[in-house]
Structure formats: C-alpha cells, structure tokens
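Asker: To start, I am sharing the structure in question, which I have written as structure tokens.
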Amino acid sequence: MEEPVDTATAILASAAALLREHTFDDISYRALADEVGISERTVYRQYPTRAHLLAALSNWIEQTHFPLPPFVTVADFRAAVHDRFRAFDASPAYAFVGARASAISPTLDAEPAYITRAIEAMLDVSASTLNRRDRRRLAASLRYFSSAMFWARLRTGFDMDAGEICDAFDRAVGTMLARLLDATWAKP
Amino acid sequence: MTGPADVPALSGTQAAILAAYAELIEEVGSDDVSFRLVARRAGIAERTVFRNYPTRVDLLLATATWIEATVFAREESHSIFDIPLAIRDAMQRYDERPELAHVVAETAMRGVSGAAPSLGRPHLERLLDAEVPSLDEVQRRAVIVALCHLDSAATWVTFRREFGMDRRDIADAAAWAAEAVLDSIRDRVAL
C-alpha cells in the first residue's frame, strides 16, 4: 500500500486496517489516534462525528478497493456490477461499511456516487429517446439493485453468496429492462 | 417490511425508552444522543436505560426495530400484487420522517451485528406461495429478494440522495420497479 500523504488519509487507512479485526462501532477515536500516533483531538478535528468518519472511510475504501470498471452498454454494466459483488464478497467488512455509509443521513453536501452518473450516462446514450420519467425510474432502479445495500441485504438476510447475488441482480434488472420497448434501445 | 412483522414484546419501560430515543433522534437530527438525555425524556433513571439496553448499539437496534413496527407499520397486503401499493405508501411515510427513515435504513446494513434487513420476508413468502405456487425455488427467491429490497427505507434513501427525487417521484419509481418484478409472474396465479 502507498504511504498515506496526510493525516486525514492516515486515519482512514488505520480505520480500514482495524476493520479486519473489529466492527466499525468498536473502532474508537482513541484507538485511531494511537494507531496514527496523533492526539484524539486531531482525529475529532478531521472527523467531528462518527457519521463523518463513516462517510469518509467508505469513500476511501470505494476508491482504493472497489474501483468501478467503466461501462457504456447494459451488458458492460451488468459485468461491472458482477465484478463488484464478487469484490464485496472477498472483503465483506469493507462492503458493509459502504452499505452503511450510503444509508446514513448525509454529513456533507453529498454528491451522487460515480456509479449513479455512469448509469445516467449509459441511458443517455443507449436509450436516448426514452421519456424522462421512465428514464429516471429505470436509472434509480438499476442504481439501487447494483448497490452495496443490495449485496448486504442478500448476504445478511438471505445468506446468499456473490454468485447467487449476481443471479438475483440479473433477474431483477431483467424485469425492469423488459418493461421498455425493443425500439427504445439504440442500435449499435 | 411488509405486513405484520415479528417484533419482540416490550415492557412499558422499554417502549417509553425507545419512543423517547426516536423522538430525540428527530429533534437532534442524529442518533448521537446521550443515555442521560434519553432517560430524562422517558422520565426514568439513567441506570434503568442501561439495565434494558447495555450499549448504544443495543439501544439503536431496538429503536430501529420499534420504529419499523410502529411509525412505519404497513397496512396488511392480502395479495402479492398489492405490494406495489404498499411500497408506494411506505415511501411517502419515510419521506415524512426522514431522520427515522435513515436510522432504519442504516441499521439494516450492518451485517450480522445489525438489525434484520428483511422484516417483511415471511409475509411476502406466504402471499407468494399461496398465489403463485408454481414457481421454482430460484424464481421464487428472485421475486422475494427484489420485493424485500424495494419495500425498505433504503429505497427511499437511495432515490432521494442519488437522484434528488421528491416524495411523489420516489413513490412512483419504487412502485414501478415492484410492478416490473411482478410482471414475470402476473399471469401465473393458481386457480
């Protein structure tokens, strides 16, 4: 791993390391301060509340461990989501942090996630004549079923592994895509 | 969750604690509320709160379950094909209580140490098995997981946060997706 460049990042890297042994709730600011070799007050200055810490940690994990492959077509999108679900299965503690962070009341002016913009861009190109309401319905549904939340719910509530979760994802988005007429899709 | 969920029976004191905490979450705009404040609001001693809920996480999870079962209780659906209507209604109610909706959504995403992520599952399974018994196991589970996922506070959170949707649009999009899930089984009901 690269050497962290600043205090804020060093704290996140330490928190991520502690996640191997502890749940997020068990990671105290005291422990983070000791790991990084700074005062507890400095941790608070960077992350005034645990919600701030959770949001920042999730962003950092997303960038370092779950980069999203680019996609243009629906087929590429599905493949990218499958890769993500498999990556979540390989690092469940990290994926649960992502799922939690996306459910909390936003701490900052939270920008929509990159995957949201990528899905909207995909539909702009692939289904350019689709009316605005159906496009938003579809984009929101694709986004929600490709989320860490979907993975977390199926893993915890249904005891499913990545392969089964990918299959459930394909079936769900398949029903949504099937609501559109064939003529909607741009011909390659 | 959809329809009546299994919620552990609470003592009067416990119900007062959970209601007080939920009230404070809405006032403060965060679940970061001290036990002392919860105790004062419930009109009991702080040690009584600790005796019932030894840690902050215990208190939060119990409160989230209580919120789902009371504030966000669903009207019972009598058909799986009524679920989109229940989802539409649920989204509108999450929108009226945003802080509580966030708490419910977040606690369900904590893995095994969190709240049950799909409280309405048994009810959905009963409806589906009675109305469309011919599905194979994989098809059945696909319908159940998709509806469980949609019938949750996380839907409201995601649609609002990622797409800036208002109450009406969230309810519309969530119900639309649920109808899509049902498209595959619409004409397969048992006689």
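Chains G and V supply the protein sequences, listed in that same order.
Okay, so the first sequence: first residue is 1 according to UniProt numbering, each after it adds one.
Okay, so the second sequence: first residue is 1 according to UniProt numbering, each after it adds one.
All C-beta atoms, glycine included, are put in the ideal place defined by N, C-alpha and C.
The model shown is predicted, which means the values in this text are computed figures rather than measured ones.
#1: Does the distance from the CB of residue 178 of chain V to the CB of residue 84 of chain V come in under 8 Å?
#2: Give the single residue among V:31, V:176, V:48 whose Cα lies nearest to the Cα of residue 87 of chain V.
#3: Output the boundary residues of the alpha helix (DSSP H) element that contains residue 164 of chain G.
#4: For residue 152 of chain G and residue 116 of chain V, what's the separation of their Cα atoms in angstroms?
#5: Nearest to residue 29 of chain G by CA position, among G:102, G:20, G:54, G:85, is which residue?
#6: Going by Cα to Cα distance, which pick from V:50, V:182, V:159 is closest to residue 142 of chain V?
#7: May I ask you to report which of helix, strand or coil DSSP gives residue 85 of chain G?
#8: Determine, for residue 57 of chain V, whether the minimum Cβ-Cβ distance to residues of chain G falls below 8 Å.
#9: Does the stretch 26-37 of chain V come within contact of the stretch 93-100 of chain V, defined as at least 3 CB pairs closer than 8 Å?
#10: Using the three-state DSSP reduction, which class does residue 41 of chain V fall into: helix, strand or coil?
#11: Hey, is the stretch 40-53 of chain G in contact with the stretch 88-95 of chain G, meaning 3+ C-beta pairs nearer than 8 Å?
#12: Less than 8 Å between C-beta atoms, sequence neighbours within five positions excluded: which residues of the same chain meet that for residue 174 of chain G?
#13: Ends of the alpha helix (DSSP H) at residue 60 of chain G?
#14: Quick one: grab the DSSP three-state call for residue 75 of chain V.
#15: Determine the extent of the alpha helix (DSSP H) in which residue 70 of chain V is found, giving its start and end residues.
#16: Cβ closer than 8 Å: which chain A residues qualify as neighbours of residue 116 of chain G?
#17: Where does residue 84 of chain V sit, in a helix, a strand or coil, going by DSSP?
#18: Note down, in chain order, each residue of its chain lying with its Cβ closer than 6 Å to the Cβ of residue 104 of chain V, except the 5 sequence neighbours on either side.
#19: Is residue 189 of chain V near residue 131 of chain V, with beta carbons less than 8 Å apart?
#20: May I have the straight-line CA-CA distance separating residue 63 of chain G from residue 15 of chain G, to the nearest angstrom?
#21: Within 8 Å of any Cβ in chain V, is that where the Cβ of residue 123 of chain G sits?
#22: Would you call the stretch 69-77 of chain V in contact with the stretch 105-122 of chain G, where contact means no fewer than 3 C-beta pairs closer than 8 Å?
#23: My guess is that residue 102 of chain V and residue 105 of chain G are in contact by the Cβ rule of under 8 Å, so how many angstroms apart are they, rounded?
#24: Taking the beta carbon of residue 161 of chain V as the centre, do at least 16 other beta carbons fall within 10 Å, making it buried, or is it exposed?
Answerer: Taking the structure as given:
#1: Working through the second sequence from its first residue, we reach residue 178 of chain V at position 178. Working through the second sequence from its first residue, we reach residue 84 of chain V at position 84. Yes.
#2: For this step, residue 87 of chain V is matched to residue 87 along the second sequence. Out of V:31, V:176, V:48, V:176 has the C-alpha closest to the C-alpha of residue 87 of chain V.
#3: Walking along the first sequence from the start, residue 164 of chain G turns up at place 164. Segment 162-177, the alpha helix (DSSP H) holding residue 164 of chain G.
#4: Here residue 152 of chain G is taken as the residue at index 152 of the first sequence, counted from 1. Here residue 116 of chain V is taken as the residue at index 116 of the second sequence, counted from 1. Roughly 11 Å separates the two Cα atoms.
#5: Within the first sequence, the letter at position 29 stands for residue 29 of chain G. When each option's Cα is compared against that of residue 29 of chain G, the closest is G:54.
#6: Taking the second sequence and counting its residues from 1, one reaches residue 142 of chain V at position 142. Residue V:182 is the option with its Cα nearest to residue 142 of chain V.
#7: For the purposes of this step, residue 85 of chain G is taken as the residue at position 85 of the first sequence. Three-state DSSP puts residue 85 of chain G in a helix.
#8: Translated into the one-based positions of the second sequence, residue 57 of chain V becomes position 57. With 8 Å as the cut-off, residue 57 of chain V counts as an interface residue toward chain G.
#9: yes
#10: As a working mapping, residue 41 of chain V is identified with position 41 in the second sequence. Three-state result, residue 41 of chain V: helix.
#11: At 8 Å Cβ cutoff, the stretches do not touch.
#12: Locating residue 174 of chain G in the first sequence gives position 174, counting from the first residue. Nothing meets the Cβ criterion.
#13: On the first sequence, position 60 is the one that residue 60 of chain G refers to. Its alpha helix (DSSP H) spans residues 50-65.
#14: Here residue 75 of chain V is taken as the residue at index 75 of the second sequence, counted from 1. Of the three classes helix, strand and coil, the one that applies to residue 75 of chain V here is coil, per DSSP.
#15: Translated into the one-based positions of the second sequence, residue 70 of chain V becomes position 70. Unbroken run through residue 70 of chain V: none, as it is neither H nor E.
#16: No chain A is part of this structure, whose protein chains are labelled G and V.
#17: What you label residue 84 of chain V is simply residue 84 of the second sequence in a count that begins at 1. Helix at residue 84 of chain V.
#18: Within the second sequence, the letter at position 104 stands for residue 104 of chain V. So the qualifying residues of the chain are 64, 67, 68, 153.
#19: In the second sequence, residue 189 of chain V corresponds to position 189, counting from 1. In the second sequence, residue 131 of chain V corresponds to position 131, counting from 1. Closer than 8 Å, so yes.
#20: Taking the first sequence and counting its residues from 1, the one referred to as residue 63 of chain G is at position 63. Taking the first sequence and counting its residues from 1, the one referred to as residue 15 of chain G is at position 15. Distance between the alpha carbons of residue 63 of chain G and residue 15 of chain G is about 15 Å.
#21: What you label residue 123 of chain G is simply residue 123 of the first sequence in a count that begins at 1. Not one chain V Cβ lies under 8 Å of residue 123 of chain G.
#22: no
#23: As a position in the second sequence, residue 102 of chain V is number 102, starting the count at 1. As a position in the first sequence, residue 105 of chain G is number 105, starting the count at 1. Yes, residue 102 of chain V and residue 105 of chain G are in contact; Cβ-Cβ is about 4 Å, under 8 Å.
#24: Walking along the second sequence from the start, residue 161 of chain V turns up at place 161. Counting Cβ neighbours within 10 Å, residue 161 of chain V comes out buried, since at least 16 surround it.
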